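Participant: Heads up: the sequence shown is residues 18 to 169, going by my numbering. Even glycine gets a Cβ: it sits at the ideal position worked out from N, Cα and C. Note that the coordinates shown come from a computational prediction; the quantities given were computed from them, not determined experimentally.
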Amino acid sequence: MPDTPFYAAGLRFSCTRCGDCCRRPSGHLFLSAADLRRLARALRLSDEEFFLAYCEVVDVELAQRVSLVATEDDSCVLLGDQGCTVYEHRPLQCRAYPFWGTSLVDAKAWDAVAASCPGVGGGWLWSKECIEQWLHRREQEPLLDVGEHGEP
Ligand code: SF4
Numbered sequence: 018m019p020d021t022p023f024y025a026a027g028l029r030f031s032c033t034r035c036g037d038c039c040r041r042p043s044g045h046l047f048l049s050a051a052d053l054r055r056l057a058r059a060l061r062l063s064d065e066e067f068f069l070a071y072c073e074v075v076d077v078e079l080a081q082r083v084s085l086v087a088t089e090d091d092s093c094v095l096l097g098d099q100g101c102t103v104y105e106h107r108p109l110q111c112r113a114y115p116f117w118g119t120s121l122v123d124a125k126a127w128d129a130v131a132a133s134c135p136g137v138g139g140g141w142l143w144s145k146e147c148i149e150q151w152l153h154r155r156e157q158e159p160l161l162d163v164g165e166h167g168e169p
């Protein structure tokens, strides 16, 4: 990351709750251990019950990550008619969107996100410090890697 990133003056974004980022066939929705526990409690399930009902293990390079499963139309299993059914408890990956490392590599990457997200470019002006706090939080809360151990 350069010393003065392209977002030094901040970036505008406010979620429009369109749900488009929950309907992407392009990627998985990976969970940290804290995400799994929080979602399980929100749905009044044990961690194991939540895992069995809503999660799958996905091979990612050398890791085995826990992801929310997708429905037949490639939506997140927790997306309902009115949007996210667990919005207050949604995973960190969702909370941090669109301030992901891959989106912040350079202005071109950010423009690509803007092209698919109606919330980018308007609404709240997020400062450089706030944006980088999302990156920091994700570093501090690693994704689950079940490795050889199977279920978390
Ligand atoms: S958990 Fe909620 S916000 Fe995250 S992808 Fe699923 S429906 Fe969308």
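Should residue 72 be listed as close to the ligand SF4, given that the test is whether its C-beta is under 8 angstroms from any heavy atom?
Facilitator: Position 55 of the sequence shown holds residue 72. Result no, Cβ not under 8 angstroms from the ligand SF4.
Participant: If you reduce the DSSP assignment to three classes, tell me which class residue 98 lands in.
Facilitator: Stepping through the sequence shown from its first residue, residue 98 is reached at position 81. Correct three-state label for residue 98: coil.
Participant: With respect to 8 angstroms, is the separation between the Cβ of residue 62 and the closest non-hydrogen atom of the ligand SF4 below this value?
Facilitator: As a position in the sequence shown, residue 62 is number 45, starting the count at 1. Because no heavy atom of the ligand SF4 lies under 8 angstroms away, the Cβ of residue 62 does not count as near it: no.
Participant: For the ligand SF4, is there any heavy atom lying closer than 8 angstroms to the beta carbon of residue 33?
Facilitator: Translated into positions along the sequence shown, residue 33 becomes position 16. No, since every heavy atom of the ligand SF4 falls outside the 8 angstroms radius drawn around the Cβ of residue 33.
Participant: Should residue 99 be counted as a contact of the ligand SF4 given a C-beta to heavy atom distance under 8 angstroms?
Facilitator: By one-based count along the sequence shown, residue 99 stands at place 82. No, the beta carbon of residue 99 sits no closer than 8 angstroms to any heavy atom of the ligand SF4.
Participant: Name the residue from 44, 110, 68, 106 whose alpha carbon lies nearest to the alpha carbon of residue 157.
Facilitator: Along the sequence shown, one-based indexing puts residue 157 at 140. When each option's Cα is compared against that of residue 157, the closest is 110.
Participant: Would you list the residues sitting across from residue 143 in a DSSP beta bridge?
Facilitator: Position 126 of the sequence shown, counted from the first residue, corresponds to residue 143. Paired residue(s): 28.
Participant: Which residue from 27, 21, 75, 91 puts its Cα closest to that of residue 144?
Facilitator: On the sequence shown, residue 144 is found 127 positions in, with the first residue counted as 1. If we check each option's Cα against that of residue 144, 27 comes out closest.
Participant: Could you compute how far the alpha carbon of residue 114 sits from the alpha carbon of residue 20?
Facilitator: As a first step, residue 114 is located in the sequence shown; it is residue number 97 there, counting from the start. As a first step, residue 20 is located in the sequence shown; it is residue number 3 there, counting from the start. Between residue 114 and residue 20, the C-alpha separation is close to 22 angstroms.
Participant: Confirm the yes/no value for this check: CB of residue 136, any heavy atom of the ligand SF4, distance under 8 angstroms.
Facilitator: Numbered from 1 along the sequence shown, position 119 holds the residue referred to as residue 136. The answer is no for residue 136.
Participant: Please go through the same chain and pick out, in chain order, the residues whose beta-carbon is closer than 8 angstroms to the beta-carbon of residue 64, but skip the five residues on each side of it.
Facilitator: The residue labelled residue 64 in the question sits at position 47 within the sequence shown. Cβ within range, chain order: 53, 54, 57, 169.
Participant: Quick check for students: name the residue ranges of the beta strand (DSSP E) that lie wholly in the region 109 to 156, counting only runs of 3 or more.
Facilitator: List check, beta strand (DSSP E) in window: 137 to 143.
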